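The sequence shown begins at 22 in our numbering and counts up by one. Input: a single structure, listed below in structure tokens.
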Amino acid sequence: MKDKENRQFHIRSRGLVAVLAAVLIGFGYVLYDLQIVHGAEYRERSQRKIAQTETVEAARGSLLDRYGRELVTNRTSYNVALETSRMGEDKNAVLLELLDICREQEVEWTDTLPVSAQAPYVFTLDAASDLTVTRLQKLCAQLKWTDLIPTEDEIAAMRPAPAETAPAREEEAEETLPAEPKAPAVSAQPLLDKMKEYFGLDETLPNQEARGLLGVLYELALRSKGITTVSYVFAKDVDIQFITAVKEAGLAGVRILRRYDVEGVDAAVYAAARTTVLSEPQVDALWDEVMP
22 MKDKENRQFH IRSRGLVAVL AAVLIGFGYV LYDLQIVHGA EYRERSQRKI
72 AQTETVEAAR GSLLDRYGRE LVTNRTSYNV ALETSRMGED KNAVLLELLD
122 ICREQEVEWT DTLPVSAQAP YVFTLDAASD LTVTRLQKLC AQLKWTDLIP
172 TEDEIAAMRP APAETAPARE EEAEETLPAE PKAPAVSAQP LLDKMKEYFG
222 LDETLPNQEA RGLLGVLYEL ALRSKGITTV SYVFAKDVDI QFITAVKEAG
272 LAGVRILRRY DVEGVDAAVY AAARTTVLSE PQVDALWDEV MP
């Protein structure tokens with residue numbers, strides 16, 4: 022009985038060893054097939070999956086005559102535009118994230134709201150152009166906010182007349198009369214509070230971030246209300262690092278536009294080049310801007 026049990030034990034042990042040996046042989050064969058037989062093929066497949074090829078367009082360059090003199094020059098730059106229809110209800114969140122990227126990358130954005138960028142927030146109409154003042158007045162008139170901005174008399178007081186030159190006296194040099202002192206600053210906080218309510222800003226948003234967002238929303242409102250027909254360019258001449266950050270963030274409605282500044286070419290040549298050299302009409306939308 023005991024001998025029979027020993028034989029069974031040895032048979033089972035040998036069977037277990039045979040199974041383990043078969044498994045090890047199988048693993049060895051698989052490793053040999055992966056690394057030796059098909060190693061080069063699998064390595065190439067892996068590289069194709071990991072590596073991503075991207076075609077980077079070269080600059081157009083300048084056109085020269087046979088003496089090396091420039092006939093046509095151009096410069097490529099990238100601008101940032103906003104398509105709010107694609108942002109939906111997340112518009113404010115998208116714009117806040119975009120502004121955060123601008124601050125991180127030290128990129129300036131277009132903001133003509135004549136209110137100081139830092140607290141305490143006051144109107145900066147003394148340094149604003151006539152066009153900027155007119156746009157603010159028209160928008161506030163449409164929204165019935167005229168009581169929240171300075172009156173014409175207050176604006177005139179904030180923008181003193183230039184210093185006058187006293188008449189020259191005999192054997193005396195001309196002297197400049199001192200300019201009139203500026204009027205006290207007018208608080209813009211009531212206007213900003215009304216804008217926060219109108220544009221649906223979160224009440225917990227810090228004042229600095231709220232001011233930046235309101236500046237962008239103000240620019241968009243000028244266009245949506247028909248105050249100006251000039252398209253809004255959020256930021257001009259941004260670098261590749263900024264573009265990469267925006268692309269990685271995946272911000273809906275934020276568009277990167279390639280811009281060519283061309284000079285030294287007549288209208289006929291430019292008209293032919295804009296759809297053949299500077300763009301691909303099948304995939305590109307074109308805008309023309311004549312610089313003064």
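Heads up, the beta-carbon is just placed ideally off N, CA and C, and yes, glycines get one too. On a predicted model such as this, the values are computed, not experimentally measured, just so you know.
Anyone know if the C-beta pair for residue i and residue j falls short of 8 Å?
i: Val101; j: Val259; result: yes
i: Tyr99; j: Arg244; result: no
i: Asp234; j: Leu117; result: The residue asked about is misnamed: residue 234 is Leu in this sequence, not Asp. The answer is yes: Cβ separation under 8 Å.
i: Lys215; j: Trp166; result: yes
i: Arg107; j: Leu146; result: no
i: Trp130; j: Val275; result: no
Look at the alpha carbon of residue i and the alpha carbon of residue j, and state the distance between them as a whole number of angstroms.
i: Leu212; j: Gln163; result: 14 Å
i: Ser137; j: Leu222; result: 19 Å
i: Ala178; j: Thr172; result: 10 Å
i: Tyr239; j: Leu226; result: 17 Å
i: Glu62; j: Gln262; result: 36 Å
i: Leu119; j: Leu45; result: 57 Å
i: Glu269; j: Ala114; result: 16 Å
i: Ala39; j: Gly47; result: 12 Å
i: Asp287; j: Tyr88; result: 20 Å
According to DSSP, is residue i helix, strand or coil?
i: Pro313; result: Caution is warranted here: a pLDDT of 44 is assigned to Pro313, below 50, making its placement in the model unreliable, and the coordinate value is therefore given only provisionally. Pro313 falls in the coil class under three-state DSSP.
i: Leu278; result: strand
i: Ser208; result: strand
i: Ser98; result: strand
i: Leu146; result: coil
i: Val154; result: helix
i: Val58; result: helix
i: Val136; result: strand
i: Arg295; result: coil
i: Ile248; result: coil
What are the start and end residues of the alpha helix (DSSP H) that includes residue i?
i: Val267; result: 261 to 270
i: Ala177; result: 173 to 179
i: Glu104; result: Here Glu104 belongs to no alpha helix (DSSP H), and DSSP marks it neither H nor E.
i: Tyr88; result: Tyr88 -> no alpha helix (DSSP H), and no H or E assigned at all.
i: Val121; result: Checking the sequence shown, residue 121 turns out to be Asp, not Val. Counting along the chain, the alpha helix (DSSP H) containing Asp121 begins and ends at 112 to 126.
i: Ser245; result: 228 to 245
In chain order, what residues of the same chain have a beta carbon less than 8 Å from the beta carbon of residue i, not counting five sequence neighbours either side?
i: Glu192; result: Low per-residue confidence applies at Glu192: pLDDT is 48, beneath 50, and the placement is therefore not dependable, though the value from the model is reported in the following sentence. Once the five neighbours on either side are set aside, Glu192 has no close Cβ partner at all.
i: Leu241; result: Leu103, Thr105, Tyr253
i: Glu266; result: Looking at the sequence provided, one finds Ala at residue 266 rather than Glu. Hits under 8 Å: Ile122, Glu125, Gln126.
i: Ile169; result: The sequence given here has Leu at residue 169, not Ile. Cβ within range, chain order: Cys161, Pro211, Leu212, Lys215.
Which same chain residues, not among the five before or five after residue i, have their C-beta less than 6 Å away from its C-beta?
i: Thr133; result: Thr153
i: Ala206; result: Val143
i: Lys257; result: Asn100
For the beta strand (DSSP E) containing residue i, name the first residue and the last one.
i: Val254; result: 254 to 256
Suppose the cutoff is 7 Å on Cβ atoms and the five residues either side in sequence are ignored; what does the same chain contact list for residue i look like?
i: Arg156; result: Leu243, Ile248, Thr249
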